[in-house]
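In this note's numbering, the protein residues as written are 9 to 370.
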């Protein structure tokens with residue numbers, strides 16, 4: 009099983025370790041619920057070093073990315089700026105969702121999901137070989153990544169990394185900067201403010217301990233999932249994959265179909281007939297919404313059906329919530345039925361995100 013540079017630190021903190029896509033990762037450090045609330049109310053940190061940073065270097069890097077991803081990298085004009093996007097196959101299915109950072113005209117950095125990293129590298133290299141074999145595709149497994157999230161996250165980072173406040177206090181969302189050994193980005197996966205910091209793996213332990221000393225709570229995969237679900241953020245392999253279109257997965261905003269630029273999967277998206285849309289669900293009865301549960305919409309005698317893609321209990325709302333791919337047209341406020349084991353329970357269609365910056369949006 010693969011381990012991050014912080015593996016021993018997690019074990020020393022008595023984390024419950026689990027296999028996550030072949031990586032030995034912390035599920036929680038005692039209480040998933042406490043970790044969730046710490047991030048909503050104060051600050052917490054995740055080891056996300058299992059995710060892979062990929063540097064794309066060369067004079068043709070921007071042109072390559074123009075055709076590789078669905079969003080338009082021409083939006084990246086300021087060094088450090090980032091965009092979220094999807095990498096598609098020719099049928100318009102999602103190979104992976106990722107963040108692209110613009111560092112210079114000859115250097116872009118991509119961060120991809122852990123479970124898809126090997127597939128992603130193979131796909132990127134294959135497209136590179138067709139486009140410009142001189143481009144360098146560099147896997148940065150030497151880097152660790154720590155996400156610090158919560159309303160007090162930035163202050164805690166400034167306390168833990170002397171001198172970092174002046175360098176980062178004016179960073180806006182989806183901007184990044186190099187400060188000493190740290191690549192600091194104002195991004196995250198929780199619906200809270202904060203930073204994601206990349207740094208040499210052999211220095212990650214020192215940063216983790218410095219943050220912990222400042223009162224940043226360690227958090228595991230369990231809290232990360234409930235936080236991202238409340239924030240209405242997609243999880244690859246559940247809310248989208250190679251068989252689903254970003255247009256039916258709540259990711260149309262990451263797809264640029266307006267410019268003349270061509271990209272892999274564009275033709276399929278233009279020709280596709282959109283029959284489903286990703287909606288939020290709020291369970292109105294006792295129970296827990298889970299992935300793959302069937303959803304019935306009684307618009308006619310048959311009742312059209314959809315499926316929950318991600319679901320669970322929301323600690324912030326004290327209710328069960330879900331993301332579901334449902335047939336359109338459907339309106340916010342409509343009620344649907346969810347088949348949970350041998351029961352049929354009522355749920356209401358709601359707009360997501362459910363929670364942002366610690367506050368309920370429902």
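Where is the CB? At the ideal position from N, CA and C, for every residue including glycine.
Per DSSP, the bridge partner or partners of residue i
| i | result |
| --- | --- |
| residue 24 | 36 |
| residue 95 | 77, 104 |
| residue 335 | 284 |
| residue 293 | Answer by DSSP bridge pairing: none, since residue 293 is not bridged. |
| residue 329 | 290, 320 |
| residue 305 | 312 |
| residue 347 | 352 |
| residue 55 | 154 |
| residue 112 | 115 |
| residue 63 | 117, 146 |
| residue 83 | None, per the DSSP bridge assignment. |
Residue from the options with nearest C-alpha to residue i
| i | options | result |
| --- | --- | --- |
| residue 209 | 336, 60, 198, 70 | 60 |
| residue 40 | 230, 300, 340, 360 | 230 |
| residue 312 | 338, 363, 325, 319 | 338 |
| residue 101 | 331, 325, 329, 252 | 252 |
| residue 124 | 245, 315, 276, 362 | 245 |
| residue 324 | 304, 370, 334 | 370 |
| residue 349 | 367, 303, 65 | 303 |
| residue 293 | 276, 269, 305, 351 | 351 |
| residue 357 | 147, 170, 128, 336 | 336 |
| residue 77 | 154, 243, 93 | 93 |
| residue 106 | 262, 71, 191 | 262 |
| residue 99 | 284, 250, 268 | 250 |
| residue 157 | 46, 276, 148, 20 | 46 |
| residue 35 | 51, 15, 266 | 15 |
| residue 340 | 212, 118, 287, 42 | 287 |
| residue 18 | 42, 83, 53, 49 | 53 |
| residue 238 | 26, 64, 44, 24 | 44 |
| residue 221 | 137, 167, 147, 178 | 167 |
| residue 48 | 331, 306, 197 | 197 |
Nearest-angstrom Cβ-Cβ length linking residue i and residue j, presumed shorter than 8 Å
| i | j | result |
| --- | --- | --- |
| residue 280 | residue 255 | 7 Å |
| residue 12 | residue 57 | 4 Å |
| residue 328 | residue 296 | 5 Å |
| residue 355 | residue 363 | Residue 355 to residue 363, Cβ: 17 Å. No contact. |
| residue 64 | residue 118 | 7 Å |
Outcome for residue i when other beta-carbon atoms lying within 10 angstroms are tallied against a minimum of 16
| i | result |
| --- | --- |
| residue 272 | buried |
| residue 9 | exposed |
| residue 200 | buried |
| residue 264 | buried |
| residue 91 | buried |
| residue 132 | buried |
| residue 216 | buried |
| residue 174 | exposed |
| residue 247 | buried |
| residue 160 | buried |
| residue 186 | exposed |
| residue 31 | buried |
| residue 22 | exposed |
| residue 204 | buried |
| residue 326 | exposed |
| residue 170 | exposed |
| residue 314 | buried |
| residue 141 | exposed |
| residue 267 | exposed |
| residue 128 | buried |
| residue 278 | exposed |
Euclidean distance between Cα positions of residue i and residue j
| i | j | result |
| --- | --- | --- |
| residue 371 | residue 240 | This structure cannot speak to residue 371, because the chain is shown only from 9 to 370. |
| residue 456 | residue 346 | Since the displayed the chain opens at 9 and closes at 370, residue 456 lies outside it and no answer follows. |
| residue 321 | residue 55 | 23 Å |
| residue 151 | residue 225 | 22 Å |
| residue 126 | residue 29 | 12 Å |
| residue 233 | residue 145 | 30 Å |
| residue 316 | residue 257 | 12 Å |
| residue 195 | residue 207 | 15 Å |
| residue 111 | residue 88 | 5 Å |
| residue 67 | residue 109 | 16 Å |
| residue 274 | residue 300 | 28 Å |
| residue 2 | residue 202 | Nothing can be reported for residue 2: it is not among the residues displayed for the chain, which extend from 9 to 370. |
| residue 223 | residue 74 | 42 Å |
| residue 365 | residue 135 | 39 Å |
| residue 228 | residue 155 | 11 Å |
| residue 368 | residue 291 | 15 Å |
| residue 113 | residue 242 | 30 Å |
| residue 25 | residue 298 | 23 Å |
| residue 163 | residue 177 | 9 Å |
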